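J.: Reading the sequence shown from the start, the letters are residues 32 to 188 in the numbering used here.
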Amino acid sequence: MSEPILIVDYTPEHRTRFREINEQWIVKSYFLEEEDIKTLNDPEEYILKNGGKIFIALYNGFPVGTCAYLHMGERVYEMIKMGVDEEYRGLRIGRMIGEVSLERMKDLGARSIFLYSNTKGSELAIQMYRKLGFEEIPLDNAEFQRADIKMELHFLP
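(1) Of all the beta strand (DSSP E) runs that stay within the bounds of the region 56–107, which reach a length of 3 or more residues?
(2) Work out the CA separation of residue 154 and residue 211 for me, nearest whole Å.
(3) If residue 144 sits next to residue 187, beta carbons under 8 Å apart, how far is it from one beta carbon to the other, in whole angstroms?
(4) Determine the burial state of residue 67: buried for a count of at least 16 other Cβ atoms within 10 Å of its Cβ, exposed for fewer.
(5) First and last residue of the alpha helix (DSSP H) that includes residue 184?
(6) Confirm, please, whether the CB-CB distance from residue 36 to residue 90 is below 9 Å.
(7) Between 140, 150 and 171, which lies nearest to residue 82 when the distance is taken from Cα to Cα?
(8) In whole angstroms, give me the CA-to-CA distance for residue 70 and residue 117.
(9) Since residue 130 is in the alpha helix (DSSP H), which residue starts that stretch and which ends it?
(10) How would you write the range of the alpha helix (DSSP H) that residue 166 sits in, first residue to last?
(11) Compare the beta carbon distance of residue 54 and residue 63 with 9 Å and say whether it is the shorter of the two.
(12) How many angstroms separate the CA atom of residue 32 from the CA atom of residue 170?
(13) Between which two residues does the alpha helix (DSSP H) holding residue 155 run?
(14) Quick one: grab the DSSP three-state call for residue 29.
(15) With a CB to CB cut of under 6 Å and the five nearest residues on each side skipped, what residues in its chain are close to residue 179?
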């Protein structure tokens, strides 16, 4: 019997679902910013080309969740575009894609991961990030207007 939820590497066949899943959570509480549109329309160019990674959660083979990492420099990545289709929430898919993707990033040599979020529209996500080991750090100039919190996770050497 196969697992109903699998975390796999992104392929171009996932592009439409990557965009749909992320647009869904963004427009529900915020609005699509220019950087969102560029990234969601061409993840290969804006994420993968520069050494980033994208992971897709499959539920019975259907893409229902995403988590991407922008390569920011010497073993440092930014976690972006983490979302789960509303119809599949409550199945711990977000937690699973977070745990599995962070472990894979560590295996790939990542030293630290940071993220930006919003304390008003993403309370549950922030709780999950804390459970994954992220800690709040001072907010700097984020690319997104919606960001009002920055969090970071360091891997032990």
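For each residue, glycine too, the CB sits at the ideal point set by N, CA and C.
As the structure is a prediction and not an experimental result, all values here were calculated from the model.
T.: Result, derived from the coordinates:
(1) 84–90 and 93–104
(2) Outside the shown range of the chain (32 to 188) lies residue 211, about which nothing can therefore be said.
(3) Going by Cβ atoms, the distance from residue 144 to residue 187 rounds to 13 Å, so no, they are not a contact pair.
(4) buried
(5) Element bounds for residue 184: not the alpha helix (DSSP H) but the beta strand (DSSP E), 180–185.
(6) yes
(7) 140
(8) 21 Å
(9) 124–138
(10) No alpha helix (DSSP H) contains residue 166, which is instead part of the beta strand (DSSP E) from 166–168.
(11) yes
(12) Confidence at residue 32 is low in this model, with a pLDDT of 41, below 50, so its placement is unreliable and no value can be given for it.
(13) 154–162
(14) The requested residue 29 does not occur in the structure, where the chain is confined to residues 32 to 188.
(15) 149 and 150
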